[in-house]
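Contents: one structure, followed by commentary.
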Amino acid sequence: MIQAAAAVGLIALNFILYFLFGSVLTGAWRRNSKDAIGADSGNKSMSLTETVFAGLFFYYLLFALCCIPVMLRWRPLHVLTSIWLFVVIIAAIIGAIRARKSFFIAYKRASDFLCRHALAFLFIALLMVAFAAVVLFSYQFTLDASYYVGSVTTALRTDTVNMYDPFTGNWLDHYEMRYFFATFPMNDAVMCSLLHIHPLLWCKITMAGTAIIMTVMVLYMLGRRLFDTDMRKITVFILFAVIANFFMITIYTTSAFLTTRTYEGKCLLANVVLPGIFYIYMRLLEDVKDKRAWLLLFLVAIGSPVLSSSANMLVPAMIGVTILPLVVLRRDLTVIPKALVCMLPGIALTLIYILYVKNIVVFYTYPTG
Amino acid sequence: MQSLNIADAGFFYIFKCIWLYYEGNIYFLLYLFSLFFLSFYGDGERKVYTLFGGRVFISAHLSRRIREIFLPQFILMAVTVYNPLFPVVLNSFFDVNKEYYRFLWISPVIMCVAAAGAVIVWDICGENKIRPYIAIVFIICLLIAGGSYLYKDGYIVSPTIYHMPTEIPEVAEMIHADSDEEFPRAMLEYDYQMQLRQYDAGILLSCGREDYLRAVAGEVDIDSALEEDNYVDCLLAVVALGIELPEESFIDALEQTHTEYVVISTKGGMIPYLKNAGLTIVGETANHTVLHYEPEEPENFELPDYSEVWRLTPQWYDFLL
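Residue numbers (the working numbering), protein chains in the order written: chain A, 1 to 369; chain B, 1001 to 1321.
This is the structure we're talking about:
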């Protein structure tokens, strides 16, 4: 039970890390438009929620940049763990330095806004805790867990990175391309190795809880964009969304991934990445030349394939149908090249996957030259 | 979507796909309603209307913004993802049979429905003290009645902190305690097979996920199990399907796949057969029995040694090795 409580506590660690990683990018940003928490137009501070949101993608992007070279050079998991620990420490220091001023302004602004709407935030917090508790306490048998959790356990047991078949434990002679760039489970393995926690606890409690809170956070960000500071509407918006997630259930829906396959990267893709792009679109609607929104979109586009290989296909499609209408709505042709650049990472990875299927590009788990 | 094929369904694929995706719940209809409600309600200046005997306030500013948010994306979705031609064309380039449904994730169904609900509650019913709360209850009832409840078959509290049956750690412990191998190989029943390595990757499994799915789907039978060199199907026939094959075939399959342990339901009735085949009982959990087979040629599974590879491909971070 203590282990389970520790796993719940580690959810906070994830958010602190995402925040610090996000601060590396947004720490020095001075927002002069509407803040996701409490800031009014003209006030200058970072957005706490947006920083965490950006941090999630930056965190996984940096992890993939560490993980892929280690895989290509067949180094063991403990090497990756040491490299990642170093990167986390450096990113945390840079993030803390860059956010040292803007964080306190943002924090004060957020706490002021929170106090003004204490009841609404209390309700949202209770709703989120209840949502997480119901999902985290439930027992769900899902087939894909045998891969997503199995690969974490396998990596830890063999001290390797994606070199063994998680289903059987047999050695693989080449890396499975679907999971080569989607290094999300390997981050789980590294964190389990660093924190000495069992993969099942990390995946099914810590990462599941993280995904649920992140989903509610994105809903809140969307609510703020939709309804400004009208907390009555935002609260009801989140209430309806949470309830709908328990009832829009078939094995295919985003809600099913959120409630039964919560620890998978696909859950984050369906419930954080795609709504997150919608959030960025809403920011761009207000100012189509908002450079930070475009940077954030690019970060999402380049960071999301690390969560799930499905992002290679879905994120460019989402950008295509969601962002491109800005060309007409804002009569701005510069949207096209910017959107295309954001679609490129997913398209490039899809092409690599096609080359893999056609046996043209294969990364072996041993030297071939 | 395993049951749906773009080549077979053709232009009807997208309709069947949407139907399967929502499986009869009304959320897609609620999405369409919400979309049009948010897009076309409240045009012009803020006005007061009378509806159901009450005053209705309409916010033009909100409406204009929200229309720009949801409608353009839907129009583009309608001409692409929801276009009957699109999956057919896409499938001619890439095999998207299994994954096409994920394009439906792009539509912000829950967001749009929840936003419409919030607008209905506070813009349409908001000038009255009681009516917003009645609207909240009504919309919640609609969301509940129109969907399929996640726990309709019962809410199962996780039996362990590991989110798996209590017997899995027991089975893993028994196998390791009994085996001389660092990585013993086992064959288990379906759900245990899928869960064991999540808990303990120190146990290898004799057949992969796809093989097991074939067995569950009815593609494994006596004929396939007795085919020459089809050892995996032979194991599946006995352990997953409870078919009593000739014992020598089963033993040969255990030998060829280096399977040392079989974990099977105690109540399943296969234990006498397995004992007759030469397996011995190692231990029992509440519902399962762990049996051991002593292979003539042990597998001696070892992790490949990469030290020579590392030596030949030096990296700047090798001091961490």
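Every residue gets a Cβ at the ideal spot worked out from N, C-alpha and C, and that includes glycine.
Nearest CB-CB separation between F1103(B) and chain A: below the 8 Å threshold. Within chain A, the residues placing a beta-carbon under 7 Å from that of M1194(B) are L143, S146, ordered along the chain. Taking the Cα of T1166(B) as reference, the smallest distance to any Cα among L1143(B), Q1195(B), L1090(B), G1147(B) is reached at Q1195(B). L119(A) and R232(A) have their C-alpha atoms spaced approximately 10 Å apart. Sequence-ordered contacts of the stretch 167-184 of chain A with chain B read F167, T168, G169, N170, W171 [C-beta pairs closer than 9 Å]. The Cβ atoms of G95(A) and L20(A) lie closer than 8 Å to each other.
P1084(B) counts as exposed, since fewer than 16 other beta carbons sit within 10 angstroms of its beta carbon.
Just measuring C-alpha positions, the residue of L1035(B), F1250(B), R1197(B) sitting nearest V1109(B) is L1035(B). In the three-state reduction of the DSSP assignment, H78(A) falls in the helix class, which pools H, G and I. When Cβ-Cβ separations below 8 Å define contact, A130(A) makes no contact with chain B. DSSP, reduced to helix, strand and coil, places S1148(B) within a strand of the structure shown.
DSSP assignment within the stretch 1148-1215 of chain B yields the following whole alpha helix (DSSP H) runs of 4 residues or more, N-terminal first: 1167-1178, 1190-1199. Here the alpha carbon of L1205(B) sits roughly 49 Å from the alpha carbon of I234(A). Per the Cβ contact rule, the stretch 1141-1156 of chain B is not in contact with the stretch 1222-1231 of chain B (fewer than 3 Cβ pairs under 8 Å). At least one beta carbon of chain B lies nearer than 8 Å to the beta carbon of D165(A). H196(A) does not reach chain B, its nearest Cβ partner there being about 15 Å away, counting only Cβ pairs nearer than 8 Å. The CB of R1214(B) never comes closer than 8 Å to any CB in chain A; the least such distance is about 13 Å. In terms of beta-carbon proximity, G150(A) lines the interface with chain B, with at least one pair separated by less than 8 Å.
Sequence-distant partners of K266(A) (beyond 5 residues in either direction) whose C-beta falls short of 7 Å from its own C-beta, in its chain, are F257, S308, S310. For the stretch 269-286 of chain A, the set of residues with a beta-carbon nearer than 7 Å to any beta-carbon of chain B comprises A270, L274, P275, F278, M282, L285, in chain order. Distance from the Cα of A1177(B) is smallest, within the candidate group G1126(B), H1288(B), H1292(B), for H1292(B). Looking at the backbone, the Cα of L10(A) and that of H198(A) are separated by about 13 Å. With a 10 Å radius around the Cβ and a threshold of 16 neighbouring Cβ atoms, W294(A) comes out buried. Taking 8 Å as the cut-off, the beta carbon of M1111(B) is found no closer than this to the beta carbon of F184(A).
Residues of the stretch 1161-1176 of chain B with a Cβ closer than 8 Å to any Cβ of chain A, in chain order: I1161, Y1162, H1163, M1164.
The C-beta of N1300(B) has fewer than 16 other C-beta atoms within 10 Å across all chains shown, which makes the residue exposed.
At a cut-off of 8 Å between beta carbons, S310(A) contacts chain B. In the structure shown, I1130(B) adopts coil according to DSSP, grouped into three states. V242, I243, A244, N245, F246, F247, M248, I249, T250, I251, Y252, T253, T254, S255, A256, F257: these are the residues of the stretch 242-258 of chain A whose beta carbon lies less than 9 Å from some beta carbon of chain B, given in chain order. Runs of the alpha helix (DSSP H) spanning 4 or more residues and lying entirely within the stretch 113-151 of chain A occur at 118-137, in chain order. At a C-beta separation below 7 Å, Y1133(B) has no neighbours in chain A, since its nearest C-beta there lies roughly 10 Å away. When beta bridges are read from the DSSP output, M248(A) appears opposite S1148(B).
DSSP, reduced to helix, strand and coil, places E1299(B) outside both helices and strands of the structure shown, so it counts as coil.
In summary, the residues of the stretch 1009-1026 of chain B whose CB is separated from some CB of chain A by less than 8 Å are L1020, Y1021, Y1022, E1023, N1025, in the order they occur in the chain. Straight-line spacing of the CA atoms in I1136(B) and I1106(B) works out to 26 Å. Secondary structure note for S1265(B): its beta strand (DSSP E) is the uninterrupted segment 1261-1265.
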